[in-house]
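For reference, each letter of the sequence shown is one residue, going 13 to 465 in the working numbering. Written out below as structure tokens is the structure these notes cover.
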Amino acid sequence: MSPKRGRQGREESRAKQRAAGVVPQLNARRRASKARAAEIAVRAAEADENAPGMQGEEARGPSALEMKAGRSLMAGPQDDGVFGELNQSSGDEASGFTIGAADADTRLDQFLAAHLEGVSRSRVQLLIEQEKVRLSAPDGQAIQIRASHKLSAGEQIAILGHAKPKPLRAVAEDIPLDILYEDDDLAVINKPAGMLVHAGSGNEPEDERGKGTLVNALLHHLSHLSKSPRANESASQSAAADEPENQEQKLEADDDEHDLRPGIVHRLDKQTSGVLVVAKNDAAHAKLAQAFAERTAKKHYIALVQGEMPAGKGTINTPISRDVNRRTRMTARRKDGRSAVTHWTVRERLDTPWGKFTLLDVTIETGRTHQIRVHLSSMGHPVVGDTLYGAATEIKPAIKNSPRTAKIPTLMLDRNFLHAESLALPHPRTGKIIEWQAPLPAELEALLKKLRA
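Following this line, the structure appears as structure tokens:
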């Protein structure tokens, strides 16, 4: 009799395996699906526990790193006979490995770093330190865990969960700053592209987390910064356009340590440059945060977008929400997002050998994450250099070179062509409206010059 096919056949096969004491192995896709479901369940439980203290912030799903780690922990090595065999675990265990002959004499931490996708060696060491790794001999006898342990064939490794990274601390660093203005209440900075405003995104390697941020530079250059938890909470509810949502790590600082965001009233995305104001005391922080919340702070940006804008000016009034498929992105395609309003006006149209571009003046009424970038991309005109939202990685010639024309080079821009040119708001002490401006950075001026030529 030929074997039964379909669901009935699979069920009979599984029944026979269970009767024989064989635990069926899930394929990689199903293991990954179970891992994602487990991660989401854990995060949902944590969100429920912490819900009262999450004012002004959105509960989040698992981060990209956690999702990768979850998939790799469940999926384990490939079934090619080289890395050993994956054993499905029970209880709280995420996964396990049985060491094959090819991996004998490998250090434990090196083995795990090589076999757990998206998990660095320093994170593996945290797993070991936090007793999230169990090691046993072929006969089941427990082996004392050490990162330097040399593995032997037949030994079994069980991963019991995910390591919690050590809390970040803001530390003063001697990093050059372009300070446009400073008094007893505030300082105005011309932030360069490539600098995070503060740590906490969890996207950097373990040994680089928290380094090179604007906050670290501020701690070195300024004698005082606001630290009021209430002020910082207010500021978190009124973030500036193109600020990154740093919700990948939920971090808390001890009372005797620097907060991760001292003085930070609003933020700019890492690859966006321009004017940014910081508070030097708690009273100023509260006033400045109020100005952003009530929209009395006026922010003006310059953006260069791909293509020719259809009119001389316009307004984009489309809600913005998290992209459910790519958690690092925002989207304007969902109707359940937060309201966002962006106004744009054409400053210059450029018809170049590399195609058409439009230089825009942009103002915003709201301050959603990546607002300008998402809105302009939704019109089919992404900000030049913004590959996250559809911009080309290289600016290539739009016409073919010929012997009669000079060779047209490919242009590169390793940042977004988005610059916060000015900021105007009432001074927290006097109430007088003050405006600060930051010139267009040299790399953006250089690109414009090439396009215009």
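Cβ coordinates follow ideal geometry from the N, Cα and C atoms, glycine included. Small disclaimer: the values here were computed from a predicted structure and weren't measured.
Problem set entry | N-terminal and C-terminal residue of the beta strand (DSSP E) that Leu430 is part of | Locating residue 430 in the sequence shown gives position 418, where the first residue counts as 1. Per DSSP, Leu430 belongs to the beta strand (DSSP E) from 430-438.
Exercise. Could you give the distance in angstroms between the alpha-carbon of Gln383 and the alpha-carbon of Leu400?
Worked result: Working through the sequence shown from its first residue, we reach residue 383 at position 371. Working through the sequence shown from its first residue, we reach residue 400 at position 388. Going from the Cα of Gln383 to the Cα of Leu400 covers about 13 Å.
Exercise. Sorted by chain position, which residues of the same chain lie with C-beta nearer than 6 Å to His439's C-beta, five sequence neighbours on each side aside?
Worked result: As a first step, residue 439 must be located in the sequence shown, where it is residue number 427. Correct list, in chain order: Ile446.
For this session: Kindly give me the distance between the Cβ atoms of Lys239 and Pro274, rounded to whole angstroms, as I take these residues to be in contact under 8 Å.
Result: Residue 239 sits at position 227 when you count from the first residue of the sequence shown. Residue 274 sits at position 262 when you count from the first residue of the sequence shown. Yes, they are in contact, since the Cβ atoms of Lys239 and Pro274 sit about 5 Å apart, within 8 Å.
Exercise. Taking just the CA atoms, how far does Leu231 sit from Arg385?
Worked result: As a position in the sequence shown, residue 385 is number 373, starting the count at 1. As a position in the sequence shown, residue 231 is number 219, starting the count at 1. The straight-line gap from Cα to Cα measures roughly 30 Å.
Problem set entry | Bounding residues of the alpha helix (DSSP H) (the contiguous stretch that carries Ala170) | Looking up residue 170 in the sequence shown gives position 158. That residue, Ala170, is in no alpha helix (DSSP H); its beta strand (DSSP E) goes 168-171.
Exercise. When the Cβ atoms of the region 331-340 are set against those of the region 456-464, are three or more pairs found closer than 8 Å?
Worked result: no
Exercise. Where DSSP assigns a beta bridge to Met342, which residues make up the other side?
Worked result: Here residue 342 refers to the residue found at position 330 of the sequence shown. Answer is Arg334.
For this session: Would you mind stating whether Lys347 and Pro331 have Cβ atoms separated by less than 8 Å?
Result: What you label residue 347 is simply residue 335 of the sequence shown in a count that begins at 1. What you label residue 331 is simply residue 319 of the sequence shown in a count that begins at 1. Yes.
Exercise. Quick one: what's Tyr313 bridged to in DSSP?
Worked result: Walking along the sequence shown from the start, residue 313 turns up at place 301. Bridge partners of Tyr313: Val374, Ala432.
Exercise. Going by DSSP, which residues form a beta bridge with His355?
Worked result: Position 343 of the sequence shown, counting from 1, holds the residue named residue 355. In DSSP, His355 forms a bridge with Thr327, Thr375.
Exercise. What is the DSSP secondary structure of Asp363, reduced to helix, strand or coil?
Worked result: Residue mapping note: residue 363 aligns to position 351 of the sequence shown, counting from 1. Asp363: strand per DSSP, three-state reduction.
Exercise. Using DSSP with H/G/I as helix, E/B as strand and the rest coil, what is Asn202?
Worked result: To locate residue 202, count along the sequence shown from 1; it is residue 190. Here Asn202 sits in strand by DSSP.
For this session: Under 8 Å Cβ to Cβ from Arg158, same chain only, skipping five residues before and after it: list those, please.
Result: The residue labelled residue 158 in the question sits at position 146 within the sequence shown. Counting only Cβ-Cβ distances below 8 Å, and skipping sequence neighbours, we find Leu120, Ile140.
For this session: For Lys239, write down the residues that DSSP places opposite it in a beta bridge.
Result: As a working mapping, residue 239 is identified with position 227 in the sequence shown. The partner list for Lys239 (beta bridge, DSSP) is empty, contrary to what the question assumes.
Exercise. Can at least three beta-carbon pairs, one atom from the region 151-168 and one from the region 110-118, be found at a separation below 8 Å?
Worked result: yes
For this session: Put Ile140 into one of helix, strand or coil per three-state DSSP.
Result: Residue 140 sits at position 128 when you count from the first residue of the sequence shown. Here Ile140 sits in helix by DSSP.
Problem set entry | DSSP state of Arg119 mapped onto helix, strand, coil | Working through the sequence shown from its first residue, we reach residue 119 at position 107. Strand.
Problem set entry | Nearest candidate by alpha-carbon position, reference Asp373, set Ala309, Gln153, His431, Lys162 | Start at 1 with the first residue of the sequence shown, and residue 373 comes out as number 361. Looking at the Cα atoms, His431 is the closest of the given residues.
Exercise. Which residue or residues does DSSP assign as beta-bridge partners of Tyr193?
Worked result: The count along the sequence shown starts at 1 and reaches residue 193 at position 181. DSSP output for Tyr193 lists Val200 as bridge partner(s).
For this session: Compute the distance between the beta-carbons of Lys325 and Thr284, then report whether it is under 8 Å.
Result: Numbered from its first residue, the sequence shown carries residue 325 at position 313. Numbered from its first residue, the sequence shown carries residue 284 at position 272. No, Cβ-Cβ distance for Lys325 and Thr284 is not below 8 Å.
Exercise. Does any CB atom of chain B fall closer than 8 Å to the CB of Ser285?
Worked result: Any reference to chain B falls outside this structure, which holds one protein chain only.
Exercise. Does the Cβ of Thr405 have 16 or more other Cβ atoms within 10 Å, making it buried, or fewer, making it exposed?
Worked result: Numbered from its first residue, the sequence shown carries residue 405 at position 393. Exposed, because fewer than 16 other Cβ atoms sit within 10 Å of the Cβ of Thr405.
Exercise. Relative to the alpha-carbon of Pro365, which residue among Thr381, Lys412, Leu226 has its alpha-carbon at the smallest distance?
Worked result: Here residue 365 corresponds to residue number 353 of the sequence shown, with the count starting at 1. Among Thr381, Lys412, Leu226, the Cα nearest to that of Pro365 belongs to Lys412.
Exercise. Would Lys292 pass as a contact of Leu371 if the rule is Cβ separation under 8 Å?
Worked result: Numbered from its first residue, the sequence shown carries residue 292 at position 280. Numbered from its first residue, the sequence shown carries residue 371 at position 359. Taking 8 Å as the Cβ cut-off, Lys292 and Leu371 do not qualify as a contacting pair.
For this session: Provide the residue span of the beta strand (DSSP E) that contains Ser148, from first to last.
Result: For the purposes of this step, residue 148 is taken as residue 136 along the sequence shown, with counting starting at 1. Note, Ser148: beta strand (DSSP E), 145-148.
Exercise. When the distance is taken between beta carbons, is Leu456 closer than 8 Å to Phe429?
Worked result: Numbered from its first residue, the sequence shown carries residue 429 at position 417. Numbered from its first residue, the sequence shown carries residue 456 at position 444. Yes, the pair counts as a contact, with Cβ atoms nearer than the cut-off.
For this session: Please classify Thr110: does DSSP put it in a helix, a strand, or coil?
Result: Reading the sequence shown from its first residue, position 98 is the one you call residue 110. In the structure shown, Thr110 sits in a strand (DSSP, three-state: E or B).
Exercise. Where His393 and Lys203 are concerned, what is the direct C-alpha to C-alpha distance, given to the nearest angstrom?
Worked result: On the sequence shown, position 381 is the one that residue 393 refers to. On the sequence shown, position 191 is the one that residue 203 refers to. Roughly 25 Å between the two C-alpha positions.
Problem set entry | Host beta strand (DSSP E) of Ala291 (start-end) | The sequence position of residue 291 within the sequence shown is 279, counting from 1. First-last of the beta strand (DSSP E) with Ala291: 285-291.
For this session: Compute the Euclidean distance between the alpha carbons of Gly367 and Lys419, then round it to the nearest angstrom.
Result: In the sequence shown, the residue the question calls residue 367 occupies position 355. In the sequence shown, the residue the question calls residue 419 occupies position 407. Cα to Cα, Gly367 sits roughly 15 Å from Lys419.
Problem set entry | Coarse secondary structure for Ala211, derived from DSSP in three states | Here residue 211 refers to the residue found at position 199 when the sequence shown is read from its first residue. Ala211: coil per DSSP, three-state reduction.
Exercise. The ligand SAM heavy atoms versus the CB of Ala404: any closer than 7 Å?
Worked result: Among the ligands in the structure shown, none appear at all, so the ligand SAM cannot be discussed.
For this session: Consult DSSP for Glu447 and reduce its assignment to one of helix, strand or coil.
Result: Taking the sequence shown and counting its residues from 1, one reaches residue 447 at position 435. Residue state, collapsed to three classes: strand.
Problem set entry | Top-ranked residue by Cα proximity to Ser390, from Gly443, Arg359, Thr327, Arg361 | Taking the first residue of the sequence shown as 1, we reach residue 390 at position 378. When each option's Cα is compared against that of Ser390, the closest is Thr327.
Exercise. Residue range of the alpha helix (DSSP H) that Leu460 falls in?
Worked result: Reading the sequence shown from its first residue, position 448 is the one you call residue 460. Where Leu460 is concerned, the enclosing alpha helix (DSSP H) stretches over 454-464.
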